[in-house]
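Student:
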Amino acid sequence: MLVVKDLTFRYAGNSQDTLQKLTFSVERGEVFGFLGPSGAGKSTTQKILYKLLNGYTGNVLFDGKPLAEWGREFYEQIGVSFELPNHYIKLTAEENLDFFSAFYRKPTQNKYSLLQKVGLEHDARKLVADFSKGMKMRLNFVRALLHNPDVLFLDEPTSGLDPINAGKIKDMIKQLKAEGKTIFITTHNMFDADQLCDRVALLYQGEIKALDTPAHLKKKFGRQTVKVEVTNTEVAPLVFPLENIGHNPDFIELIRKHEVATIHSQEATLEEVFIKLTGATLL
Amino acid sequence: MTYFWQLLKWDVILLNRNRLFLLAALVAGIYIALFYLLKPLGNLTNILIILIFNDPVITGYLFASVLLLFDKNQHTLQAISVLPLPFQTYLLSKTVLLSLLATGISFIMAFATKGTDFNLFHLLAAAFLSAFMFSLAGFAVGAFTRSFNQLLVYSVPFFVLTGLPFLSLFGIGDLVHYFIIPSAGGIGVLQAAFEEKSFGHLFLMYGHLLLWTAISWIIASKVTVKKLL
Numbered sequence: 001m002l003v004v005k006d007l008t009f010r011y012a013g014n015s016q017d018t019l020q021k022l023t024f025s026v027e028r029g030e031v032f033g034f035l036g037p038s039g040a041g042k043s044t045t046q047k048i049l050y051k052l053l054n055g056y057t058g059n060v061l062f063d064g065k066p067l068a069e070w071g072r073e074f075y076e077q078i079g080v081s082f083e084l085p086n087h088y089i090k091l092t093a094e095e096n097l098d099f100f101s102a103f104y105r106k107p108t109q110n111k112y113s114l115l116q117k118v119g120l121e122h123d124a125r126k127l128v129a130d131f132s133k134g135m136k137m138r139l140n141f142v143r144a145l146l147h148n149p150d151v152l153f154l155d156e157p158t159s160g161l162d163p164i165n166a167g168k169i170k171d172m173i174k175q176l177k178a179e180g181k182t183i184f185i186t187t188h189n190m191f192d193a194d195q196l197c198d199r200v201a202l203l204y205q206g207e208i209k210a211l212d213t214p215a216h217l218k219k220k221f222g223r224q225t226v227k228v229e230v231t232n233t234e235v236a237p238l239v240f241p242l243e244n245i246g247h248n249p250d251f252i253e254l255i256r257k258h259e260v261a262t263i264h265s266q267e268a269t270l271e272e273v274f275i276k277l278t279g280a281t282l283l
Numbered sequence: 001m002t003y004f005w006q007l008l009k010w011d012v013i014l015l016n017r018n019r020l021f022l023l024a025a026l027v028a029g030i031y032i033a034l035f036y037l038l039k040p041l042g043n044l045t046n047i048l049i050i051l052i053f054n055d056p057v058i059t060g061y062l063f064a065s066v067l068l069l070f071d072k073n074q075h076t077l078q079a080i081s082v083l084p085l086p087f088q089t090y091l092l093s094k095t096v097l098l099s100l101l102a103t104g105i106s107f108i109m110a111f112a113t114k115g116t117d118f119n120l121f122h123l124l125a126a127a128f129l130s131a132f133m134f135s136l137a138g139f140a141v142g143a144f145t146r147s148f149n150q151l152l153v154y155s156v157p158f159f160v161l162t163g164l165p166f167l168s169l170f171g172i173g174d175l176v177h178y179f180i181i182p183s184a185g186g187i188g189v190l191q192a193a194f195e196e197k198s199f200g201h202l203f204l205m206y207g208h209l210l211l212w213t214a215i216s217w218i219i220a221s222k223v224t225v226k227k228l229l
């Protein structure tokens, strides 16, 4: 659905490339995560992918056709949910959706049903000025779905949401995937990425440092461990490598000498993988 | 054109919700009151020209830049930029709406002060095209600003410059001497609404006004696309 090859971009006046030969593809029906800290080049890549930024080198194909050859009809095919709320605050939620619906040629989805899915059904006639940030973010999300696009670009889709509403949005993303939508998620939330994405690309300083499924990345770059807490509070919790745990003398000695309070196997997180690969954190 | 009419409809709603229609009426009311206050001083045609010309300038320039600031602050431009809508339609709709508003108010001001003793065509043309040009200027300047205060700071030299051709109304040079300034043509056409003018004057002034309107469109559409998207 989306093929990016050797994508390089430099802002005017900069001495270094913001994006350096990015190569990846997103298959139809795939949830693809683009992960990295602020300044990694996520926004620049996104702007290029939804045709707001030109002057790049390399190739970007959307549905087999170079991006540059797509006209405004491109926006009938994609839906974008931005990181920050972007609504007319003097209009109601319903009016905002009517405003944006007015510019699509294909029929748009029922706005009330969309609002209901994100728990805003009782706020349709409320001015957006009176919305909390979380409500605005949910409205952002449903606006991206209005014209039932084939491809969705979601920028930090759970940012500013409480766990319940974040869960609702994640469930909707899973549902959209089940419907065959292609979804490109940009986030620095590794937990969300792990839960939602089929594959993730770890971006750092304009380069893709790794690209694979979350499970493979964790297996390849992470370390599986066993954490043991004993009832003797003078002994601090200890962590052992999972590999050959049955032959680890320290582990065996610990569980022989002390009564075990808790024992858990632990999987590496994407965050740990990212730190291992880049030496940087995701904030 | 469907996009245009849809946008125009929503721009009317947004202008109303932001109480800019009310503000425009208030400004016009203040100008009319000012005119009546000054009336005992004698023939005030030149003052009327200044007041009527100021209205499209203010309505166009300030309202356009304020509307753009609203869009910037609400981040709505981002959302608009990923619609199938050409960005130029966004500019055109707001510009046409503000120009129509300014034209209507200019007519009310002229009618309230002169009755029917003016050339309607020249008045409407001067008001509409000047407002069109200054709305575009408002968008171009607004594209560089982040707050209303910053906008005001940027606008002061702009207003001083565009006000210079008014000096010709008081005998300081001829309007043609100010032709480098975009407002000169509009002032010249507005003069023709209240005073008999030669064909040569009209030809020059209309030509100037249309030329600067076209230049404003080119500059504003390029600047806004480059700075805002």
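So the protein sequences, as listed, match chains C and B.
Take the first sequence: its position 178, counted from the start at 1, is 178 in this note's numbering, and no numbers get skipped.
Take the second sequence: its position 81, counted from the start at 1, is 81 in this note's numbering, and no numbers get skipped.
We put the beta carbon where it would ideally sit given N, CA and C, even for glycine.
Predicted, not measured: the structure shown is a model, and the values here were computed from it.
1) Would you say G41/C and G160/C are within 7 Å of each other, going by their C-beta atoms?
2) In its own chain, which residues sit with a C-beta less than 8 Å from the C-beta of S101/C, not counting the 5 before and 5 after it?
3) For F32/C, count the other beta carbons within 10 Å of its own beta carbon; 16 or more makes it buried, fewer makes it exposed. Which is it?
4) Say whether chain B places a C-beta atom closer than 7 Å to the C-beta of A193/C.
5) Could you name the residues of the region 84 to 108 of chain B whose beta carbon sits closer than 8 Å to any beta carbon of chain C, in the order they occur along the chain?
6) Could you tell me whether any Cβ in chain C is nearer than 7 Å to the Cβ of T76/B?
7) What's the call for E179/C, buried or exposed, on a 16-neighbour Cβ count within 10 Å?
8) Less than 7 Å between CB atoms is the rule here; does Q6/B satisfy it with respect to chain C?
9) At the level of alpha carbons, what is the spacing between N73/B and V66/B?
10) Find the residues of chain B that neighbour Y104/C, judging by a C-beta separation of less than 8 Å, and give them in chain order.
11) Relative to the C-alpha of E195/B, which candidate in A79/B, N43/B, G163/B has its C-alpha closest?
12) Using the rule of at least 16 other Cβ atoms within 10 Å of the residue's Cβ for burial, across every protein chain shown, is N232/C buried or exposed?
13) Let me make sure I understand the geometry here. Which of K106/C, A124/C, E243/C has the alpha-carbon closest to that of S113/C?
14) Check the DSSP bridge columns for K170/C and list the partner residues they point to.
15) Thinking A193/C and L270/C are a contact (beta carbons under 8 Å), I'd like their distance in whole angstroms, please.
16) Taking Cβ positions, are L175/B and P182/B nearer each other than 7 Å?
17) In the DSSP assignment, the alpha helix (DSSP H) including K226/B goes from what residue to what residue?
18) Would you kindly work out how many angstroms separate the C-alpha atoms of K287/C and N16/B, rounded to a whole number?
19) Please confirm if F82/C has its CB atom under 7 Å from at least one CB of chain B.
20) How many angstroms separate the CA atom of E267/C from the CA atom of P214/C?
21) Which two residues bound the contiguous beta strand (DSSP E) that contains E229/C?
22) Would you grab the beta carbon distance between V230/C and A261/C for me? Rounded to a whole angstrom, and I think it's under 8 Å.
23) Please confirm if R125/C has its CB atom under 7 Å from at least one CB of chain B.
24) Could you tell me how far apart the beta carbons of V3/C and L61/C are, in whole angstroms, since I believe they sit closer than 8 Å?
25) Any chance the region 49 to 59 of chain B sits against the region 116 to 135 of chain B, with 3 or more Cβ pairs inside 8 Å?
26) Identify the residues that DSSP records as bridge partners of N59/C: which are they?
27) Find out if the Cβ-Cβ distance for the pair K220/C, T278/C is shorter than 7 Å.
28) Counting beta carbon pairs with one atom in the region 115 to 129 of chain B and one in the region 27 to 35 of chain B, are three or more of them shorter than 8 Å?
29) Closest to M172/C by C-alpha separation, out of D198/C, V142/C, P163/C, would be which residue?
30) Tell me which same chain residues have a C-beta within less than 6 Å of the C-beta of I89/C, skipping the five on either side of it?
31) Helix, strand or coil for I180/B per DSSP?
32) Can you pull the chain C residues whose beta carbon is under 7 Å from the beta carbon of L14/B, in chain order?
33) Ordered along the chain, which non-local residues of its own chain (more than five positions away) have a Cβ less than 8 Å from that of K114/B?
34) Can you name the residues of chain C whose CB is closer than 7 Å to the CB of A24/B?
35) Using a beta-carbon distance below 7 Å, is R72/C in contact with chain B?
36) On a Cα-Cα basis, can you pick out the residue from E95/C, M137/C, I263/C, I185/C that is closest to Q6/B?
Tutor: Judging by the given coordinates:
1) Cβ distance not < 7 Å, so G41/C and G160/C don't count as in contact.
2) Counting only residues of its own chain and dropping the five nearest sequence neighbours on each side, S101/C has a CB closer than 8 Å to the CB of T108, K111, L146, H147.
3) Taking all protein chains shown into account, F32/C has 16 or more neighbouring C-beta atoms within 10 Å of its C-beta and is therefore buried.
4) Judged by the 7 Å Cβ criterion, A193/C is not in contact with chain B.
5) From the region 84 to 108 of chain B, only P84, L85, P86 have a Cβ closer than 8 Å to chain C.
6) Yes, T76/B lies at the interface with chain C (some Cβ there is under 7 Å from its Cβ).
7) That one is exposed.
8) It does; some Cβ of chain C falls within 7 Å.
9) The alpha-carbon of N73/B is positioned some 10 Å away from that of V66/B.
10) Near Y104/C (Cβ distances below 8 Å), the residues of chain B are L83, P84.
11) Per the Cα distances, N43/B.
12) Per the 10 Å Cβ criterion, exposed.
13) Per the Cα distances, A124/C.
14) For K170/C, no pairing in a beta bridge is given by DSSP.
15) Contact holds; Cβ gap of about 6 Å.
16) At the C-beta level, L175/B and P182/B stay beyond 7 Å of one another.
17) Start and end: 199 to 228.
18) Nothing can be reported for residue 287/C, as the shown portion of chain C is limited to 1 through 283.
19) Chain B, which has a Cβ nearer than 7 Å to the Cβ of F82/C, makes this yes.
20) Note on geometry: alpha-carbon atoms of E267/C and P214/C lie some 11 Å from one another.
21) Here the beta strand (DSSP E) through E229/C covers 225 to 230.
22) That pair is a contact at about 6 Å.
23) No, R125/C does not count as interfacial toward chain B.
24) By a beta-carbon distance limit of 8 Å, V3/C contacts L61/C. Their separation comes to about 4 Å.
25) In the pairwise beta carbon analysis, the region 49 to 59 of chain B is classified as touching the region 116 to 135 of chain B: at least three pairs are separated by under 8 Å.
26) By DSSP's assignment, N59/C forms a beta bridge with K5/C.
27) Between K220/C and T278/C, the C-beta spacing is not below 7 Å.
28) For the pair of segments examined, the region 27 to 35 of chain B was found not to touch the region 115 to 129 of chain B: the number of CB pairs separated by less than 8 Å stays below three.
29) Relative to M172/C, the option among D198/C, V142/C, P163/C whose CA is nearest is V142/C.
30) Cβ neighbours of I89/C within its own chain (closer than 6 Å, five residues either side excluded): V128, A129.
31) The three-state reading of DSSP puts I180/B in coil, since its state is none of H, G, I, E or B.
32) Within chain C, the residues near L14/B are Y88, K90.
33) Contacts found: L48, F194.
34) Under the 7 Å cutoff, chain C gives no residues; its nearest Cβ is about 17 Å from A24/B.
35) Taking 7 Å as the threshold, the shortest C-beta distance from R72/C to chain B falls below it.
36) Comparing Cα positions, the closest option is E95/C.
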